[in-house]
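**Student:** The structure that follows is given in the form of structure tokens.
Number of protein chains: 2
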Amino acid sequence: MQRVFEALASSARRRILAYLAHTELNAGEIAARLAMSKPAVSQHLSILEAAGLVASEKRGQYVFYRQVQENLVNTLNGFVQEVCPIGRPLRRESAARAARGGPDDPG
Amino acid sequence: MQRVFEALASSARRRILAYLAHTELNAGEIAARLAMSKPAVSQHLSILEAAGLVASEKRGQYVFYRQVQENLVNTLNGFVQEVCPIGRPLRRESAARAARGGPDDPG
DNA sequence: TCGTTATTTAAGAAATTAACGAAATACGCA
DNA sequence: TGCGTATTTCGTTAATTTCTTAAATAACGA
């Protein structure tokens, strides 16, 4: 949880998550979308991975990154439920996901 | 959004939000719950207030803090919708909520 | 007014973060 | 084996964060 919120505190990392929302990308493709050096992007990716928000897989020369959605949704959802007695929107999302047989809700 | 995520990156500030989930508290009562000096707590509170996550009101000698729930819920909810394709069905719910005059949806 | 309490502001030290370029590592291809 | 590409690690620097103590501000009550 600490790592998730620290990871989300950076706009570069949130942008990376947004890019990975629709498709997986390799490290170079991600770096090309952020006006930033490749080593800096690599560091951001390792922070996201340590937080469990993305996963990487090396295929040939490339390292592909994809989002790990459950961890993001569950962490934010759990926090909202802990802190917000009226945290309805995420609760509904959670319920809808459960009804569809999606990942479980921690709260 | 940037300020909200920066505010949430600190465990002390998340703990403050949790304390304020159920009741309002004055600055001294919050400081008493965190093993930290009062000036440090005051600074955390000002960061939370700048992020729109809490509001303060001075009553006599004391400054009372309360949570502003909509901002937390809407920011996290909007981010999940942007980043998590799995959360898309919720957008219809958000539209319905807006039509009923409930809290607004940033997505 | 004076003394006490509650809170914030100011100043500064210690730790962390974020970026860069250079170098190292790993892979693919010939 | 050797070259070129992709990615990460290393070493460094600048900026930011977080905390502390001391001082300032504001309000209460005698």
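Chains as they are written, first to last, in our numbering: chain D, 1 to 107; chain Z, 1 to 107. All residues carry an ideal CB built from backbone N, CA and C; glycine is no exception.
#1: For a test of the three-state rule: what should DSSP assign to E49/D, helix, strand or coil?
#2: Within 8 Å, do at least three Cβ pairs link the segment 11–31 of chain Z to the segment 60–72 of chain Z?
#3: So, with DSSP's three-state summary, where would you put L25/D?
#4: DSSP state of V54/D, grouped into three classes?
#5: Would you be able to state if there are at least three C-beta pairs under 8 Å between the segment 38–47 of chain D and the segment 71–82 of chain D?
#6: Against chain D, with Cβ distances strictly below 8 Å, would F64/Z count as a contact?
#7: Report yes if the C-beta distance between L48/Z and R13/Z is below 8 Å; otherwise report no.
#8: K53/D and L17/D look like a contact to me (Cβ under 8 Å); what is the Cβ gap, rounded to whole Å?
#9: CA-CA distance, Q67/Z and E70/D?
#10: Check Q67/D in the structure and name its three-state DSSP category.
#11: So with CB distances below 9 Å, who are the chain D contacts of L48/Z?
#12: Take the Cβ of T23/Z as the centre, count every other Cβ of all protein chains shown within 10 Å, and call the residue buried at 16 or more, exposed below.
#13: Please name the residue, chosen from V73/Z, L20/Z, R3/Z and E6/Z, that lies closest to S56/Z on a Cα-to-Cα basis.
#14: By the 10 Å Cβ neighbour count, where 16 or more other Cβ atoms means buried, how is A7/D classified, buried or exposed?
#15: Short of 7 Å in beta carbon distance, which residues of its chain neighbour L33/D, apart from the five on each side in sequence? Order them along the chain.
**Tutor:** Judging by the given coordinates:
#1: Translated into the one-based positions of the first sequence, residue 49/D becomes position 49. Here E49/D sits in helix by DSSP.
#2: yes
#3: The residue labelled residue 25/D in the question sits at position 25 within the first sequence. Strand at L25/D.
#4: Mapped onto the first sequence, residue 54/D falls at position 54. The answer is strand: DSSP assigns V54/D an E or B state.
#5: no
#6: The residue given as residue 64/Z occupies position 64 in the second sequence. Not closer than 8 Å to any Cβ of chain D, the Cβ of F64/Z fails to qualify, so no.
#7: Your numbering for residue 48/Z matches position 48 in the second sequence. Your numbering for residue 13/Z matches position 13 in the second sequence. Contact flag set, yes.
#8: If you number the first sequence from 1, residue 53/D lands on position 53. If you number the first sequence from 1, residue 17/D lands on position 17. The amino acid at residue 53/D is misidentified as Lys; the sequence shows Leu. With 8 Å as the limit, L53/D and L17/D qualify as a contact, their Cβ atoms being about 6 Å apart.
#9: On the second sequence, residue 67/Z is found 67 positions in, with the first residue counted as 1. On the first sequence, residue 70/D is found 70 positions in, with the first residue counted as 1. Using only the alpha carbons, I get a separation of about 27 Å.
#10: Counting from one through the first sequence, the residue named residue 67/D turns up at place 67. In this structure, Q67/D counts as strand in the three-state DSSP scheme.
#11: Against the second sequence, residue 48/Z aligns to sequence position 48. Here the premise fails: no neighbours, minimum Cβ distance about 11 Å.
#12: Counted from its first residue, the second sequence places residue 23/Z at position 23. When all chains shown are included, T23/Z counts as exposed.
#13: By 1-based counting over the second sequence, the position of residue 56/Z is 56. Closest option to S56/Z, Cα to Cα, is L20/Z.
#14: Reading the first sequence from its first residue, position 7 is the one you call residue 7/D. The residue is buried, with at least 16 neighbouring Cβ atoms inside 10 Å.
#15: For the purposes of this step, residue 33/D is taken as the residue at position 33 of the first sequence. Checking the displayed sequence, the identity of residue 33/D turns out to be Arg instead of Leu. Result list for R33/D: Y19, in chain order.
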